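Here the structure is laid out as structure tokens; the discussion comes afterwards.
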Amino acid sequence: MEKILEVKNLSVEFYKGGKVIQALRDTSLTLKRNEVLGIVGESGCGKSTLALSILKLIPEKEGRVISGEILFKGEDLLRLSDEKLLQIRGDRISIIFQDPFTSLNPVFKISKQIAESLVLHKKENLSTQQMEKEVIELLELVKLPKPKDTMLSYPHQLSGGMQQRVMIAISLSSNPEILIADEPTTALDVTIQKEILNLLTELQKKLGLSVVLITHDFGIVAQTCQRVSVMYAGIIVEEASTSEIFHNPLHPYTKGLLESLPSREELPSSSQGKKRRLKAIPGQVPDPSNLPSGCKFHPRCPKVIEDCKPEEPRLREIVKNHWVRCIRAVY
Numbered sequence: 189m190e191k192i193l194e195v196k197n198l199s200v201e202f203y204k205g206g207k208v209i210q211a212l213r214d215t216s217l218t219l220k221r222n223e224v225l226g227i228v229g230e231s232g233c234g235k236s237t238l239a240l241s242i243l244k245l246i247p248e249k250e251g252r253v254i255s256g257e258i259l260f261k262g263e264d265l266l267r268l269s270d271e272k273l274l275q276i277r278g279d280r281i282s283i284i285f286q287d288p289f290t291s292l293n294p295v296f297k298i299s300k301q302i303a304e305s306l307v308l309h310k311k312e313n314l315s316t317q318q319m320e321k322e323v324i325e326l327l328e329l330v331k332l333p334k335p336k337d338t339m340l341s342y343p344h345q346l347s348g349g350m351q352q353r354v355m356i357a358i359s360l361s362s363n364p365e366i367l368i369a370d371e372p373t374t375a376l377d378v379t380i381q382k383e384i385l386n387l388l389t390e391l392q393k394k395l396g397l398s399v400v401l402i403t404h405d406f407g408i409v410a411q412t413c414q415r416v417s418v419m420y421a422g423i424i425v426e427e428a429s430t431s432e433i434f435h436n437p438l439h440p441y442t443k444g445l446l447e448s449l450p451s452r453e454e455l456p457s458s459s460q461g462k463k464r465r466l467k468a469i470p471g472q473v474p475d476p477s478n479l480p481s482g483c484k485f486h487p488r489c490p491k492v493i494e495d496c497k498p499e500e501p502r503l504r505e506i507v508k509n510h511w512v513r514c515i516r517a518v519y
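The sequence shown stops at residue 519 when you use the numbering used here, and every number in between is there.
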């Protein structure tokens, strides 16, 4: 399958209170055409920083890319001028953020906000009637009821789920090749989460999108992703197909995350009668301004040995297409 996006050895630092925060460290990943790639990990592991870095949205006063490449169809986005980057950001590559309410402008109607995106991405010659038709078609695409009424609404008049559908419509207005979804269901209740995920899955197949789905929820990964990268302390520690990650997790961190998840069969009310004490990963996520030596997971790892502490392990392929950053990983 053709590679459409490659992140190579990307390192990003932030600066706060006189401290250097290593948000991403030598991170690499590949997105293939028509693939849904999940990026999963705890809060603060660098997932959102990775998304912002791909689109060069790191605020210059707060942080910067130290090294690495971000190749979109072979072209390094980090080396593009701002003018040329605008032809890709929001056009060939779109993003959906976590909270739709803060992403939408509260003083403009939905129609104006979608139309603005259409105009920006080379549809400036549309007549008013054509523009209205395009807006309605986009709202219909994301399955918003009564699109003619919705387009005349302000953001606060819509529910959270409807607001996120509007954000998806805006992100699709330029017919992108890549869609980055940064925890798109975090601000929504569970039933609406499922609706939005089903919509994203349907649109991905219908439009042939390549999707980077960022989440901390393995349930979302299982439902939507073909391949998964697990992040910890600013670096990818395991990468494989979704099936492999769930059935044969090889990194102790991935195993710990999966063991901390309750399953329906293990609930007290389950007819199966199975019971299991939920496991928790001991310790705390490391301070990114003061990371431990060697493997960054070693202070919390149940399989730690002395060889884990001097040097950080490299990401190695244990079996075909299953990569792990652990010296003790065995298939």
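Don't be surprised by glycine CBs; every beta carbon is placed ideally from N, CA and C.
Bear in mind that the values here come from a model prediction, so they are computed numbers and not experimental data.
* **Outcome for H439 when other beta-carbon atoms lying within 10 angstroms are tallied against a minimum of 16** => In the sequence shown, the residue the question calls residue 439 occupies position 251. Of the residues assessed, H439 falls on the buried side of the cut-off, its CB having 16 or more other CB atoms within 10 angstroms.
* Asked: For I366, is the classification buried or exposed, using 16 other Cβ atoms within 10 angstroms of its Cβ as the cut-off for buried?
  -> Along the sequence shown, read from residue 1 onward, the residue named residue 366 stands at position 178. The C-beta of I366 has 16 or more other C-beta atoms within 10 Å across all chains shown, which makes the residue buried.
* **Close beta carbons around S236, own chain, < 6 Å, minus the five adjacent residues each side** => Here residue 236 corresponds to residue number 48 of the sequence shown, with the count starting at 1. So the qualifying residues of the chain are D370.
* Asked: Touch check for the stretch 234-249 and the stretch 273-284: three-plus C-beta pairs under 8 Å?
  -> yes
* Give every residue of the same chain whose Cβ lies closer than 8 Å to the Cβ of L387, excluding the five residues on either side of it in the sequence, and list them in chain order. => In the sequence shown, the residue the question calls residue 387 occupies position 199. The answer, listed in chain order, is V330, K331, R353, I356.
* Asked: Quick check: the stretch 297-312 against the stretch 340-348, are there 3 or more CB pairs under 8 Å?
  -> yes
* **Test item: CB-CB of S282 and L360 under 8 Å** => Looking up residue 282 in the sequence shown gives position 94. Looking up residue 360 in the sequence shown gives position 172. It is a contact, given that the beta carbons lie within the stated cut-off.
* To do: Below 6 Å CB to CB, which residues in the same chain sit around E248 once its five sequence neighbours on both sides are set aside?
  => Here the question's residue 248 lines up with position 60 in the sequence shown. Excluding sequence neighbours, E248 sits near nothing in its chain.
* Answer with buried or exposed for E426, where buried requires no fewer than 16 other C-beta atoms within 10 angstroms of its C-beta. => As a working mapping, residue 426 is identified with position 238 in the sequence shown. Buried, because 16 or more other Cβ atoms sit within 10 Å of the Cβ of E426.
* To do: State buried or exposed for Y519, treating a residue as buried only when at least 16 other CB atoms are found within 10 Å of its CB.
  => Taking the sequence shown and counting its residues from 1, the one referred to as residue 519 is at position 331. Exposed, because fewer than 16 other Cβ atoms sit within 10 Å of the Cβ of Y519.
* Asked: With distances taken from CA atoms, which of M350, E230, L306, E304 is nearest F289?
  -> Translated into the one-based positions of the sequence shown, residue 289 becomes position 101. Per the Cα distances, M350.
* Residues of its chain near L376, where Cβ-Cβ distance is below 7 Å and the 5 sequence neighbours each way are ignored -> Taking the sequence shown and counting its residues from 1, one reaches residue 376 at position 188. Residues of the same chain with a CB within less than 7 Å of the CB of L376, apart from the 5 flanking positions on each side, are G348, G349, Q352, I384 in chain order.
* To do: Determine the extent of the alpha helix (DSSP H) in which E500 is found, giving its start and end residues.
  => Along the sequence shown, read from residue 1 onward, the residue named residue 500 stands at position 312. Counting along the chain, E500 falls outside any alpha helix (DSSP H), and DSSP gives it neither H nor E.
* **Through-space distance from E494 to N222, alpha-carbon basis** => Sequence index remark: in the sequence shown, residue 222 carries index 34 (1-based). Sequence index remark: in the sequence shown, residue 494 carries index 306 (1-based). Roughly 42 Å between the two C-alpha positions.
* **Three CB pairs or more closer than 8 Å across the stretch 204-213 and the stretch 469-478** => Judged by Cβ distances under 8 Å, the stretch 204-213 makes contact with the stretch 469-478, as three or more pairs qualify.
* Closest Cα partner of G407 within the set L391, E257, L449 -> Working through the sequence shown from its first residue, we reach residue 407 at position 219. Answer by Cα proximity: L449.
* Assuming T215 contacts L193 (C-beta within less than 8 Å), just tell me the rounded distance between them. => On the sequence shown, position 27 is the one that residue 215 refers to. On the sequence shown, position 5 is the one that residue 193 refers to. The pair is not a contact, with the Cβ atoms about 13 Å apart (cut-off 8 Å).
* Determine the closest residue to I358 out of L306, I402, C413, with distance taken between C-alpha atoms. => The residue you call residue 358 lines up with position 170 of the sequence shown. That would be L306, whose Cα lies nearest to the Cα of I358.
* Contact check, T430 vs V416 under 8 Å by CB: the rounded distance? -> Within the sequence shown, numbered from 1, the residue matching residue 430 stands at position 242. Within the sequence shown, numbered from 1, the residue matching residue 416 stands at position 228. With 8 Å as the limit, T430 and V416 qualify as a contact, their Cβ atoms being about 5 Å apart.
* Report the option in K393, E328, E322 whose CA atom is closest to the CA atom of N362. => Numbered from 1 along the sequence shown, position 174 holds the residue referred to as residue 362. Note that residue 362 is Ser in the sequence shown, not Asn. The candidate whose alpha carbon is nearest that of S362 is E322.
* **With 16 other Cβ atoms within 10 Å as the buried cut-off, status of S231** => In the sequence shown, residue 231 corresponds to position 43, counting from 1. Its Cβ having fewer than 16 others within 10 Å, S231 is exposed.
* Asked: By the 10 Å Cβ neighbour count, where 16 or more other Cβ atoms means buried, how is R502 classified, buried or exposed?
  -> Translated into positions along the sequence shown, residue 502 becomes position 314. Under this definition R502 is an exposed residue.
* **Y441, DSSP secondary structure in three states** => One-based indexing of the sequence shown puts residue 441 at position 253. In the structure shown, Y441 sits in a helix (DSSP, three-state: H, G or I).
* Tell me the DSSP bridge mates of G205? -> The residue given as residue 205 occupies position 17 in the sequence shown. G205 is not bridged to any residue.
* When the distance is taken between beta carbons, is Q472 closer than 8 Å to V224? -> Mapped onto the sequence shown, residue 224 falls at position 36. Mapped onto the sequence shown, residue 472 falls at position 284. The answer is no: Cβ separation not under 8 Å.
* To do: With DSSP as the reference, label S315 as helix, strand or coil.
  => If you number the sequence shown from 1, residue 315 lands on position 127. In the structure shown, the three-state DSSP call for S315 is coil.
* To do: For the alpha helix (DSSP H) containing G234, list its first residue and its last residue.
  => Numbered from its first residue, the sequence shown carries residue 234 at position 46. Here G234 belongs to no alpha helix (DSSP H), and DSSP marks it neither H nor E.
* To do: Count the other CB atoms, across all protein chains shown, that sit within 10 Å of the CB of T379; report buried if there are 16 or more and exposed otherwise.
  => The residue you call residue 379 lines up with position 191 of the sequence shown. The residue is exposed, with fewer than 16 neighbouring Cβ atoms inside 10 Å.
* **Beta carbon of I254 nearer than 8 Å to that of V195** => The residue labelled residue 254 in the question sits at position 66 within the sequence shown. The residue labelled residue 195 in the question sits at position 7 within the sequence shown. In this structure, V195 does not lie closer than 8 Å to I254 by Cβ.
* Asked: beta strand (DSSP E) containing E257: first to last residue?
  -> Numbered from 1 along the sequence shown, position 69 holds the residue referred to as residue 257. Looking at the DSSP string, the run of the beta strand (DSSP E) that includes E257 is 251-260.
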